[in-house]
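Structure, as structure tokens:
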Amino acid sequence: MGTIVIVTVIIFLLWPRMKQIPKKDKRAFFVPLPIGLVLSMFDLQHMKGPVTLIEDIFKPIGQFMAK
Numbered sequence: 001m002g003t004i005v006i007v008t009v010i011i012f013l014l015w016p017r018m019k020q021i022p023k024k025d026k027r028a029f030f031v032p033l034p035i036g037l038v039l040s041m042f043d044l045q046h047m048k049g050p051v052t053l054i055e056d057i058f059k060p061i062g063q064f065m066a067k
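Just so we're aligned: 40 in UniProt numbering is position 40 of the sequence shown, and the numbers increase by one with no gaps anywhere.
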């Protein structure tokens, strides 16, 4: 919730200045904001990493092959 407020404040504070900036720079500014907003909604510190995911997928296959 707090991140949404921060992103909204950033947009409202910088919107008047953004009118003079080229479209390429606007995209470079506004694309990371929603990405960061979405990522902030996940508990990334406690999510499993890609190695753990691969181990979870192939561990049963390895046990089956060992028999």
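Beta carbons are placed, not taken as given, at the ideal position from N, Cα and C, and that holds for glycine.
All values derive from a computational prediction rather than experimental measurement.
So the alpha helix (DSSP H) residue i belongs to, where does it begin and stop?
{"i": "Phe42", "result": "No alpha helix (DSSP H) holds Phe42; DSSP gives it neither H nor E."}
{"i": "Asp2", "result": "The residue asked about is misnamed: residue 2 is Gly in this sequence, not Asp. 2-18 is the extent of the alpha helix (DSSP H) around Gly2."}
Can you tell me the Cα-Cα spacing of residue i and residue j, whole angstroms?
{"i": "Pro60", "j": "Leu44", "result": "26 angstroms"}
{"i": "Leu39", "j": "Pro22", "result": "27 angstroms"}
{"i": "Gln20", "j": "Ile10", "result": "17 angstroms"}
{"i": "Val51", "j": "Pro16", "result": "45 angstroms"}
{"i": "Ile54", "j": "Gly2", "result": "34 angstroms"}
{"i": "Phe12", "j": "Arg27", "result": "16 angstroms"}
Step through the CB atoms of chain D and report whether any lies within less than 9 angstroms of the CB of residue i.
{"i": "Leu33", "result": "No chain D appears in the structure shown, which is made up of a single protein chain."}
Nearest to residue i by alpha carbon, out of the options?
{"i": "Thr8", "options": "Met47, Asp56, Met41, Pro34", "result": "Pro34"}
{"i": "Ile4", "options": "Arg17, Asp56, Leu37", "result": "Leu37"}
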